Ligand SMILES: Nc1ncnc2c1ncn2[C@@H]1O[C@H](COP(=O)(O)OP(=O)(O)O)[C@@H](O)[C@H]1O
Ligand SMILES: [Mg+2]
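In our numbering, the protein residues as written are -10 to 301.
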């Protein structure tokens, strides 16, 4: 699959000195949905703004559809639609008109049949003659998407499309994204909801302090971090993990009362039966066992914490 966006060693230092992007490289395939996950201030909006030509990078390059966003910005910009983080609409403008107008801004010929199609896809057709100020928050967001799609871009950026949005509306948004995917639009969305990334994205990129910490297929990430921990509560505390079990990847709690064993729940052999047998053979008496699955949230936090430590 051909890359539609190629980001190479991109940096952005704002005038105040904040380094919002620190050498980010990423290639995004046509038709892909990628979620950029990161806490507030991670650099997500800056990354999107640079690609969309709203913020000038201090280093590195970006190509969209093969066009350099600085040297060939007009061609690059034509391929891009952006749904900004903040809702900003002309309050008295009618829905249909504001989408039509946006299309005109890109120098595209009027095409009401196309606009009808996107308004219908976004469940806004009934509201086409309503002024935007009359719409609910969810509808306003969908108008922003319609505006971003007005010039038929190949790449759509959604900057925190569901921040501060209730659960029902969030699901609705996911459906809209699903529709767009079927149309073949490449989508880059930012979020700090892990569930959202998991639900929608083909790949997840984790960004923190201007660094892209990892980019991986969502399924792979979920599989890998779907590791479970078995906690073995002991009748009597141990001073250390028994010598004979040193190679099993066990860890002992500080008070010596619990052994923790991490295993892959999807593997053919988890090694639990053997472990319990061997503990018994070592004369370690077990009071109780319990399991717990780590989730993407923990993975994310551990990654983000990891950079804090390495930066310190
Ligand atoms: N226009 C700006 N001028 C100066 N600093 C900025 C500007 N925009 C963002 N920043 C800073 O850059 C960092 C990244 O911000 P941003 O890209 O908005 O992150 P995110 O979207 O992940 O929350 C933050 O420290 C933020 O304060
Ligand atoms: Mg942001």
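All residues carry an ideal CB built from backbone N, CA and C; glycine is no exception. As the structure is a computational prediction, the values presented were derived from the model and not from experiment.
Report the rounded CA-to-CA distance for residue i versus residue j, giving the unit in angstroms.
| i | j | result |
| --- | --- | --- |
| residue 152 | residue 30 | 14 angstroms |
| residue 293 | residue 181 | 12 angstroms |
| residue 95 | residue 65 | 12 angstroms |
| residue 163 | residue 104 | 21 angstroms |
| residue 4 | residue 167 | 38 angstroms |
| residue 155 | residue 148 | 16 angstroms |
| residue 9 | residue -5 | 19 angstroms |
| residue 296 | residue 13 | Any reading at residue 296 needs caution, since the residue's pLDDT is 46, under 50, leaving its predicted position unreliable; the model's value is listed next. Between residue 296 and residue 13, the C-alpha separation is close to 15 angstroms. |
| residue 197 | residue 32 | 7 angstroms |
| residue 290 | residue 200 | 15 angstroms |
| residue 115 | residue 150 | 22 angstroms |
| residue 77 | residue 127 | 13 angstroms |
| residue 212 | residue 158 | 28 angstroms |
| residue 195 | residue 59 | 26 angstroms |
| residue 227 | residue 202 | 38 angstroms |
| residue 300 | residue 35 | For residue 300, the predicted structure reports a pLDDT of 38, less than 50, and the residue's modelled location is therefore unreliable. The matter cannot be settled from this model. |
| residue 85 | residue 117 | 5 angstroms |
| residue 178 | residue 160 | 15 angstroms |
| residue 298 | residue 235 | With a pLDDT of 41 at residue 298, under the threshold of 50, the modelled position of this residue cannot be trusted, and the question is left open. |
| residue 100 | residue 259 | 59 angstroms |
| residue 122 | residue 79 | 8 angstroms |
| residue 189 | residue 68 | 22 angstroms |
| residue -9 | residue -3 | 16 angstroms |
Can you name the start and end residues of the beta strand (DSSP E) that residue i belongs to?
| i | result |
| --- | --- |
| residue 2 | -8 to 2 |
| residue 147 | 144 to 148 |
| residue 240 | 239 to 241 |
| residue 16 | 8 to 18 |
If I follow the unbroken alpha helix (DSSP H) through residue i, where does it start and stop?
| i | result |
| --- | --- |
| residue 251 | Here residue 251 belongs to no alpha helix (DSSP H); instead the beta strand (DSSP E) covers 247 to 252. |
| residue 334 | Past the boundaries of the shown model lies residue 334; the chain is included only from -10 to 301, so the question cannot be answered. |
| residue 101 | 101 to 110 |
| residue 129 | 126 to 138 |
| residue 168 | 156 to 171 |
| residue 264 | 261 to 270 |
| residue 258 | That residue, residue 258, is in no alpha helix (DSSP H); it is neither H nor E in DSSP. |
| residue 233 | Where residue 233 is concerned, there is no enclosing alpha helix (DSSP H), given that its DSSP letter is neither H nor E. |
| residue 114 | Counting along the chain, residue 114 falls outside any alpha helix (DSSP H), and DSSP gives it neither H nor E. |
| residue 152 | From DSSP, residue 152 is part of no alpha helix (DSSP H); its letter is neither H nor E. |
| residue 77 | Note, residue 77: premise wrong, no alpha helix (DSSP H); not H, not E. |
What is the C-beta distance between residue i and residue j, in whole angstroms, given that I count them as a contact (C-beta under 8 angstroms)?
| i | j | result |
| --- | --- | --- |
| residue -1 | residue 46 | 6 angstroms |
| residue 81 | residue 120 | 5 angstroms |
| residue 137 | residue 145 | 6 angstroms |
| residue 131 | residue 112 | 7 angstroms |
| residue 302 | residue 17 | The structure shown has nothing for residue 302, since the chain only spans -10 to 301. |
| residue 204 | residue 15 | 6 angstroms |
| residue 220 | residue 279 | 5 angstroms |
Mind checking who residue i pairs with in its DSSP beta bridge?
| i | result |
| --- | --- |
| residue 206 | 192 |
| residue 120 | 83 |
| residue 24 | 178, 193 |
| residue 72 | 147 |
| residue 52 | -5, 57 |
| residue 222 | 247, 277 |
| residue 201 | 196 |
For residue i versus residue j, is the C-beta distance shorter than 8 angstroms?
| i | j | result |
| --- | --- | --- |
| residue 50 | residue 57 | yes |
| residue 218 | residue 246 | no |
| residue 193 | residue 210 | yes |
| residue 44 | residue 109 | no |
| residue 142 | residue 70 | yes |
| residue 308 | residue 264 | Residue 308 falls outside the range modelled here, since the chain spans only -10 to 301, and no answer is possible. |
| residue 208 | residue 24 | no |
| residue 222 | residue 277 | yes |
| residue 244 | residue 274 | no |
| residue 175 | residue 42 | no |
| residue 256 | residue 241 | no |
| residue 191 | residue 22 | yes |
| residue 133 | residue 72 | yes |
Going by the C-beta, is residue i closer than 7 angstroms to any heavy atom of ligand 4?
| i | result |
| --- | --- |
| residue 29 | This structure does not include ligand 4; its bound ligands are ligand 1 and ligand 2. |
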